Amino acid sequence: MTPLAVLLCAPLASQAQPTPAVAVNSGPGFAALADMAVRAPVIAGVEIRRAVRLKPAEAPGVAPGASRFFVEADLVTLLRGKGGLPARVTYLVDLPSDARGRPPKPKGQRVLLLASPVAGRPAELQLVGQDAQLDWTPATEQRLRTLATALVAPDAPPSITGISSAFHVPGSLPGESETQIFLTTASAKPVSLSVLRRPGEQPRWAVSLSDIVDETAAAPARDTLLWYRLACGLPAALPDAATAALSPEDNAAARADYAVVRAGLGPCR
1 MTPLAVLLCA
11 PLASQAQPTP
21 AVAVNSGPGF
31 AALADMAVRA
41 PVIAGVEIRR
51 AVRLKPAEAP
61 GVAPGASRFF
71 VEADLVTLLR
81 GKGGLPARVT
91 YLVDLPSDAR
101 GRPPKPKGQR
111 VLLLASPVAG
121 RPAELQLVGQ
131 DAQLDWTPAT
141 EQRLRTLATA
151 LVAPDAPPSI
161 TGISSAFHVP
171 GSLPGESETQ
181 IFLTTASAKP
191 VSLSVLRRPG
201 EQPRWAVSLS
211 DIVDETAAAP
221 ARDTLLWYRL
231 ACGLPAALPD
241 AATAALSPED
251 NAAARADYAV
261 VRAGLGPCR
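If you read the sequence shown in UniProt numbering, its first letter stands for residue 1, the second for the next number, and so on.
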């Protein structure tokens, strides 16, 4: 019996993979892409060799207007994947119908996958979430390649879990000051922010991956892993506990400086 026949004949309750998310054609924003990349042990480019549309009885939980496909695909590019992947992989994906309600024909398409391997089945993948099958473009592949490289780098920025403390020091001149903010991270690696104000200049903020802010530190470039960690991990405002030791004046100044950081990062998207 072929692997496909086994899949179609197996009881629904015995299928290990959860209901796949519906894949859509439009690519996600950088933050959504990074959300998936950090959860995906496998990031790969594949070409769909075969796509079998499952019957409704074999595909519980499919959203209205979508169809579930069992896909066989040939590996084209492996961007991330410890131990590699076989030359051909299989996975389930839900794809939306077109404007006329017709199911798509994905055979022959080149796509990018963000997935997890299925335990004990090296050729089977499970997509990590919504939009985890992406239309292939050179730009999207490059963004994923950059993310995959950054995630495994020795100096990869850690996931931000909160803010531990902040302090504010007025300068010797009117309008001169510095605020430093220390963050907590999932790996316990240090990350700190600084905001410098000088008379007649715009506030300048920077991030340092250490307890001591380097003089050469700068704000992160947008659409990088460090930007994502900060923009999507920092709270909207300084928590009260982080400024409990400050005077009312320094507390207000530190909060204003933190607002500079949040504005500089922009929204998480």
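Heads up, the beta-carbon is just placed ideally off N, CA and C, and yes, glycines get one too.
Model, not experiment: these values are computed from the prediction.
Straight-line gap, residue i to residue j (C-alpha atoms, nearest Å)
i, j, result
"alanine 32", "proline 267", "12 angstroms"
"phenylalanine 127", "proline 190", "Per the sequence shown, residue 127 should be read as leucine rather than phenylalanine. In a straight line, the C-alpha of leucine 127 is about 32 angstroms away from that of proline 190."
"valine 62", "leucine 234", "35 angstroms"
"proline 186", "aspartate 98", "The displayed chain sequence assigns alanine, not proline, to residue 186. Near 42 angstroms, if we compare the C-alpha coordinates of aspartate 98 and alanine 186."
"leucine 113", "glycine 27", "12 angstroms"
"serine 192", "alanine 156", "15 angstroms"
"threonine 224", "alanine 57", "43 angstroms"
"arginine 236", "isoleucine 181", "Looking at the sequence provided, one finds alanine at residue 236 rather than arginine. Answer to the nearest angstrom: the Cα atoms are 14 angstroms apart."
"proline 138", "histidine 168", "45 angstroms"
"arginine 262", "threonine 216", "20 angstroms"
"glutamine 133", "alanine 123", "17 angstroms"
"alanine 37", "glycine 129", "10 angstroms"
"arginine 121", "threonine 90", "10 angstroms"
"leucine 226", "proline 220", "6 angstroms"
"aspartate 240", "serine 172", "27 angstroms"
"tryptophan 136", "lysine 55", "27 angstroms"
"leucine 92", "glutamate 176", "58 angstroms"
"alanine 244", "tryptophan 205", "22 angstroms"
"alanine 73", "alanine 166", "51 angstroms"
"valine 210", "alanine 188", "Here the sequence assigns serine to residue 210, which means valine is not the residue at that position. So the two alpha carbons sit approximately 11 angstroms from each other."
Helix, strand or coil at residue i [DSSP, three-state]
i, result
"aspartate 250", "helix"
"glutamine 202", "coil"
"proline 234", "The question names proline, but residue 234 is leucine in the sequence shown. The answer is coil: DSSP assigns leucine 234 none of H, G, I, E or B."
"leucine 225", "helix"
"glycine 162", "strand"
"arginine 110", "strand"
"threonine 216", "coil"
"glutamate 176", "coil"
"arginine 102", "coil"
"residue 348", "There is no way to answer for residue 348, as the model of the chain reaches only from 1 to 269."
"valine 76", "strand"
"leucine 265", "helix"
Proximity of residue i and residue j at Cβ, strictly below 8 angstroms
i, j, result
"valine 195", "valine 260", "yes"
"arginine 53", "aspartate 94", "no"
"isoleucine 160", "arginine 222", "no"
"leucine 246", "alanine 254", "yes"
"leucine 144", "leucine 79", "yes"
"glycine 85", "valine 42", "The amino acid occupying residue 85 in the given sequence is leucine; glycine does not appear at that position. Yes, Cβ-Cβ distance for leucine 85 and valine 42 is below 8 angstroms."
"arginine 269", "glycine 29", "yes"
"leucine 265", "alanine 242", "no"
"valine 76", "glutamate 47", "yes"
"alanine 115", "alanine 40", "yes"
"glycine 81", "alanine 44", "yes"
"leucine 183", "isoleucine 212", "no"
Strand pairing of residue i, partner residues [DSSP]
i, result
"phenylalanine 70", "Val52 and Leu92"
"alanine 115", "Val42 and Leu127"
"valine 207", "Leu193 and Ala218"
"glutamate 58", "For glutamate 58, which the question treats as bridged, DSSP gives no partner whatsoever."
"proline 64", "According to DSSP, which records beta bridges pairwise, proline 64 is partnered with nothing at all."
"proline 170", "Ser177"
Residue i beta carbon near the ligand ZN (any heavy atom closer than 7 angstroms)
i, result
"isoleucine 163", "You won't find the ligand ZN in this model; it holds no ligand whatsoever."
Sequence ranges, beta strand (DSSP E) only - wholly within the stretch 125-156, length at least 3
If one requires a minimum length of 3 residues, the beta strand (DSSP E) runs lying completely within the stretch 125-156 are 133-135, in chain order.
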